[in-house]
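Colleague: To get my numbering, take the position in the sequence shown, counting from 1, and add 45.
Even for Gly, the Cβ is constructed at its ideal location relative to N, Cα and C.
The structure follows.
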Amino acid sequence: MDERGRIIEQANLLMRRHGHIVDGHDELPVLTDVVTASPAPPEPPLAAILPPDCVEALARELLFDRLPRQRQALAEELSAWLDDELPQIVLRVLDGVTDQLIEQVTAEARAALLPKLQMVIEDQSQPPRDAG
């Protein structure tokens with residue numbers, strides 16, 4: 046007896062033991078037909094079902110419905126980003142400008158103002174000359 050036959054015999058014995066088979070009638074239908082599942086036919090694309098002018102009108106309607114909402118969403122996102130980020134960006138730029146301005150003023154003061162101030166101090170520290 047092959048493997049299949051042995052398994053079927055064990056299944057029959059199990060069913061008889063539990064009283065599922067009465068007088069040789071198992072009340073199960075015998076399937077003789079082989080049924081294969083055929084794939085469902087593909088649905089035609091929407092453009093094939095609707096006439097072209099209807100598709101164009103639908104696309105235009107969707108476009109005009111969505112564009113204002115998308116513009117509004119973009120404007121809100123941009124506004125929120127500017128509210129959050131712009132002050133920090135401006136402060137960083139101004140800090141850089143302030144540092145650069147201080148360096149430039151200091152360099153020019155050393156180059157031009159310091160010698161003039163030294164001359165004024167020297168003139169003030171010398172005793173006045175008598176004319177005469």
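Just the C-alpha distance for LEU108 and GLU130, rounded to the nearest angstrom, thanks.
Modeller: If you number the sequence shown from 1, residue 108 lands on position 63. If you number the sequence shown from 1, residue 130 lands on position 85. Spanning the two alpha carbons is a distance of roughly 32 Å.
Colleague: DSSP state of ASP144, grouped into three classes?
Modeller: For the purposes of this step, residue 144 is identified with residue 99 of the sequence shown, where counting begins at 1. Three-state result, ASP144: helix.
Colleague: Rounding to the nearest angstrom, what Cα-Cα distance links GLN48 and ILE94 in this structure?
Modeller: As a working mapping, residue 48 is identified with position 3 in the sequence shown. As a working mapping, residue 94 is identified with position 49 in the sequence shown. It should be noted that the sequence gives Glu, not Gln, for residue 48. Distance between the alpha carbons of GLU48 and ILE94: 55 Å.
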